[in-house]
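A.B. asks:
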Amino acid sequence: MTDTNTALRATALDWIAANEARLSAFNKRIWDHAEPAWREYKSVRDYVEILTAEGFSVEEGSGGMPTAFCATWTQGKGPVLAGFSEYDAVPGNSQQVVPYEAPREGLHPYTAGHTDPHSVLGTASLTAFLAAKAAMEKHGTPGTLKLFGEPAEKVCGSKPIHAAKGYFDDLDACVVWHPWPHNTVTGETHFGAYWSAIITFEADNPEAWIDPTLMPIEGAHANARCPGATDALCLMYTTTKYTKEAMFPHAGSWTLNEFILGDGGATSDNLTPRFAQIQYSWRASSLGIQEQIWKVLAQNARHVAGITGCKAYVRWVTKTRVGLPNQAMTDLTWKNLQAVGAPAYSEEARDFGRAIQKNLGLEAMEDPFIPEVSRLTPPAEFEARLRAGLPAWQKHLSADDYVEYSWHAPTVRLLAARPRLRAPEKGYSYPNWAYNALGGHPAVVDPGMFVAGKTMALTLLDLASLPEALALAQAEFRERTGGGVGGSQWVGPLLPADFDPPVDLRWPEYVTTVRGEEWTFPTPHHGTGAGEPI
């Protein structure tokens with residue numbers, strides 16, 4: 350390290366120490382907003398305000414996405430270093446920061462809540478970039494910092510769009526992270542691909558289903574009705590369940606999930622259902638498997654549309670690539686994680702965990718958190734754990750859209766602690782509300798959040814002030830891509846540059862009516878509004 354590098358690092362860590370309380374409060378605000386994918390209006394407002402106040406130039410609505418942003422700070426001519434903040438929550442996970450099950454009051458119990466939580470993910474990245482900027486500004490270090498606001502991560506929505514529209518074209522390196530039950534850095538096994546599409550069935554001419562002259566009595570109610578969109582959707586759902594066995598062998602840890610979107614036609618009538626939509630999302634370790642799954646889905650859609658007097662359409666939500674490793678970036682970030690050290694948890698944090706255990710009828714533990722969150726896990730050890738459950742040919746696992754950055758510049762993925770409760774016995778699973786409640790408690794999540802923020806800040810400053818570190822990472826990137834961006838092994842964005850962001854679709858959101866603030870499910874009088882048992 351040079352004297353300049355040492356001074357930069359010290360300044361960044363001092364800045365974080367002086368601003369921890371402010372950033373902890375910011376994280377809590379984002380957690381409280383609990384806004385779902387594509388509808389993070391309050392969250393993005395808070396990010397734009399703080400970044401603007403801290404001297405960043407902010408492009409709001411970047412890539413045609415109202416809740417995305419691109420924040421840039423530049424000083425002289427130096428490397429362009431990027432990262433991102435996420436801030437979307439997950440429908441069905443509403444929970445207060447209390448040690449018992451309690452969805453937020455005044456809203457439907459199945460509103461959104463932060464699970465990973467992305468409130469913490471986004472705030473740690475914000476911390477890193479603000480600290481790096483403060484240090485570079487003080488010491489006159491040239492470079493550009495770009496922090497992207499990435500909405501809709503739970504549908505891997507915005508990063509493939511930013512990539513397709515050229516926002517990553519000028520990047521020199523990227524530093525990203527995710528809350529995790531370990532403190533480590535991702536090695537060779539990165540995340541895989543996530544594709545999502547909404548298939549629509551529309552009965553645009555149901556009157557032509559039957560010749561009305563076949564009936565001696567005039568009147569639509571006496572005629573056979575065109576099956577229509579609801580039947581098409583039901584057949585699509587069932588047919589896909591049948592053909593799932595034929596999509597790909599049960600290897601490679603691929604998954605396929607669906608969600609039915611309502612059309613607002615809540616009042617029944619003896620008319621053909623005209624419009625229905627079903628969303629499919631699938632994850633796999635290679636793009637070839639992704640294409641095979643889509644081939645079956647598209648064939649199913651065409652056939653059931655023909656059976657039901659409908660036309661089938663597709664609206665792509667997202668298509669991601671798979672992750673590209675960079676060992677030089679892994680090694681650099683691991684050194685910085687070791688310099689920062691593992692999170693330490695206060696008695697306040699442990700008391701909250703113990704209270705959850707007591708309320709579940711369990712014996713409270715002296716340390717209620719799993720041991721991995723309080724120690725560092727070497728990347729090689731973490732990699733071996735991942736590989737132990739994978740076939741040798743599988744190079745990627747699960748899915749996450751951070752992978753989009755990795756094809757445009759050397760990218761590292763840090764993992765830092767997000768506490769989980771220790772199981773009282775093998776096979777015991779805590780309810781989701783407990784996990785979500787932990788994610789909103791500052792004493793529980795702040796330690797890991799600031800370990801991540803400090804580690805990323807130090808890595809950004811190393812890349813800005815140690816040319817040899819950046820050169821090593823970029824040389825590896827060129828080797829792995831067969832020449833860099835556009836090289837023989839490079840994979841370009843899977844969405845077209847003119848892709849229309851799917852922000853206009855019927856995603857869940859909070860709404861304000863004469864009844865007050867509600868979820869798209871109206872707030873019920875009792876419980877979930879399900880009524881009496883059948």
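Using the numbering used here, read the sequence shown as starting at 350 and increasing by one per residue.
Glycine residues also receive a C-beta, built at the ideal position from the N, C-alpha and C atoms.
#1: Quick check: Met805 and Ser474, are their CB atoms within less than 9 Å of each other?
#2: Let me know the secondary structure DSSP gives Lys744 once reduced to three states.
#3: Under the DSSP definition of a beta bridge, which residues are partnered with Val429?
#4: Per DSSP, which one or two residues make a beta bridge with Lys660?
#5: Tell me the residue span of the alpha helix (DSSP H) that contains Cys583.
#6: Three or more beta-carbon pairs under 8 Å between the region 829-837 and the region 668-675, yes or no?
#7: Less than 9 Å between the beta carbons of Ile642 and Leu605, yes or no?
#8: Could you give the C-beta distance for Leu787 and Val534, rounded to a whole number, given that I count them as a contact under 8 Å?
#9: Could you give the distance in angstroms between the alpha-carbon of Gly833 and the alpha-carbon of Trp839?
#10: By the DSSP assignment, the alpha helix (DSSP H) with Gln626 in it spans what residues?
#11: Quick one: residues in its chain with C-beta nearer than 6 Å to the C-beta of Lys495, no 5 flanking neighbours on either side, listed in chain order?
#12: For Asn572, which of helix, strand or coil comes out of DSSP?
#13: Would you call the region 623-642 and the region 575-584 in contact, with 3 or more CB pairs under 8 Å?
#14: So, at 8 Å on beta carbons, what are the nonlocal neighbours of Ala654 in its own chain, with the 5 sequence-adjacent residues on each side left out?
#15: Which ranges does the alpha helix (DSSP H) cover as unbroken runs of at least 4 residues, wholly within the region 676-742, from first to last along the chain?
#16: Any idea what DSSP makes of Val534, helix, strand or coil?
#17: Inspect the CB distances between the region 734-752 and the region 807-824 and report whether three or more fall short of 8 Å.
#18: Just tell me which of Glu486, Cys419, Cys523 and His527 has its CA closest to the CA of His467.
#19: What residues in its chain sit with their C-beta under 6 Å from that of Ala766, if we drop five residues either side in the sequence?
#20: For the candidate residues Asp811, Asp381 and Val525, whose alpha-carbon lies nearest to that of Val752?
#21: Can you list, in chain order, the residues of its chain whose CB lies under 6 Å from that of Ala783, leaving out five sequence neighbours each side?
#22: Could you give the first and the last residue of the continuous alpha helix (DSSP H) run that contains Phe608?
#23: Evaluate contact between the region 396-415 and the region 356-363, counting only Cβ atoms and requiring at least three cross-stretch pairs below 8 Å.
#24: Within 8 Å, do at least three Cβ pairs link the region 484-493 to the region 434-446?
#25: Which residue comes first and which comes last in the alpha helix (DSSP H) that contains Phe364?
#26: Between which two residues does the beta strand (DSSP E) containing Ser406 stretch?
#27: Output needed for Thr869: all residues of its chain with C-beta closer than 7 Å, excluding positions within five of it in sequence on either side, in chain order.
#28: So, helix, strand or coil for Phe870, using DSSP?
#29: By alpha-carbon positions, which one of Glu403, Ser434, Gly410 and Glu409 ends up nearest to Thr423?
#30: Taking the alpha carbon of Thr353 as the point to measure from, which residue in Glu486, Leu686, Asn554 and Val689 has its own alpha carbon closest?
#31: In its own chain, which residues sit with a C-beta less than 7 Å from the C-beta of Arg889, not counting the 5 before and 5 after it?
#32: Might you give, ordered along the chain, the residues of its own chain that have their beta carbon closer than 6 Å to the beta carbon of His457, omitting 5 neighbours on each side?
#33: Just reading off the beta strand (DSSP E) that Val393 is part of, what are its end residues?
#34: Which word fits Gln444, buried or exposed, when buried means at least 16 other C-beta atoms lie within 10 angstroms of its C-beta?
#35: Grouping DSSP H, G and I as helix and E and B as strand, with all else coil, what is Tyr543?
#36: Going straight from the alpha carbon of Trp558 to that of Glu640, what length do you get?
C.D. replies: Judging by the given coordinates:
#1: Less than 9 Å separates the beta-carbon of Met805 from that of Ser474.
#2: Residue state, collapsed to three classes: coil.
#3: Note: Val429 sits in a beta bridge opposite Thr493.
#4: Paired residues: Glu551.
#5: Residue range Gly577 to Thr592 is occupied by the alpha helix (DSSP H) that includes Cys583.
#6: The region 829-837 and the region 668-675 touch, with no fewer than 3 CB-CB distances between them shorter than 8 Å.
#7: Less than 9 Å separates the beta-carbon of Ile642 from that of Leu605.
#8: Contact doesn't hold; Cβ gap of about 23 Å is too wide.
#9: Gly833 and Trp839 have their C-alpha atoms spaced approximately 7 Å apart.
#10: Residue range Phe624 to Ala633 is occupied by the beta strand (DSSP E) that includes Gln626, with no alpha helix (DSSP H) assigned at that position.
#11: So the list reads Thr421 and Ala431, once near-sequence residues are dropped.
#12: Three-state DSSP puts Asn572 in coil, outside helix and strand.
#13: These segments touch.
#14: The beta carbon of Ala654 is closer than 8 Å to those of Phe550, Ala581, Lys660 and Ala661 in its chain, skipping five residues each way along the sequence.
#15: The region 676-742 is shown to contain whole alpha helix (DSSP H) runs of 4 or more residues at 676-689, 696-708 and 728-737, in chain order.
#16: Three-state result, Val534: strand.
#17: The region 807-824 and the region 734-752 do not touch, with fewer than three beta-carbon pairs separated by less than 8 Å.
#18: Closest in C-alpha terms to His467, from the list Glu486, Cys419, Cys523 and His527, comes His527.
#19: For Ala766, where only same-chain residues beyond five positions count, the Cβ hits under 6 Å are Asn532, Pro692, Val722 and Gly797.
#20: Looking at Asp811, Asp381 and Val525, the one whose alpha-carbon comes closest to that of Val752 is Val525.
#21: Cβ within range, chain order: Ile705.
#22: Judged by DSSP secondary structure, Phe608 falls outside any alpha helix (DSSP H) and instead within the beta strand (DSSP E) spanning Thr604 to Leu610.
#23: No, they do not touch.
#24: Contact between the region 434-446 and the region 484-493 is absent, because fewer than three Cβ pairs lie under 8 Å.
#25: Before going further, note that residue 364 is Trp rather than Phe in the sequence given. Per DSSP, Trp364 belongs to the alpha helix (DSSP H) from Asp352 to His382.
#26: That run of the beta strand (DSSP E) goes Ser406 to Glu409.
#27: Taken in chain order, the residues that qualify are Pro857, Glu858 and Val860.
#28: In the three-state reduction of the DSSP assignment, Phe870 falls in the coil class, being assigned neither a helical nor a strand state.
#29: Minimum Cα distance to Thr423 is reached at Glu403.
#30: When each option's Cα is compared against that of Thr353, the closest is Glu486.
#31: Because the chain in this structure spans residues 350 to 883, residue 889 falls outside the shown range and cannot be described.
#32: Within its own chain, the residues whose Cβ lies closer than 6 Å to the Cβ of His457, once the five positions on either side in sequence are excluded, are Trp868, Phe870 and Thr872, listed in chain order.
#33: Val393 -> not in any beta strand (DSSP E); alpha helix (DSSP H) instead, spanning Tyr390 to Ala402.
#34: Classification of Gln444: buried, given that the 10 Å Cβ count is 16 or more.
#35: Strand at Tyr543.
#36: Taking the straight line from one Cα to the other gives about 34 Å.
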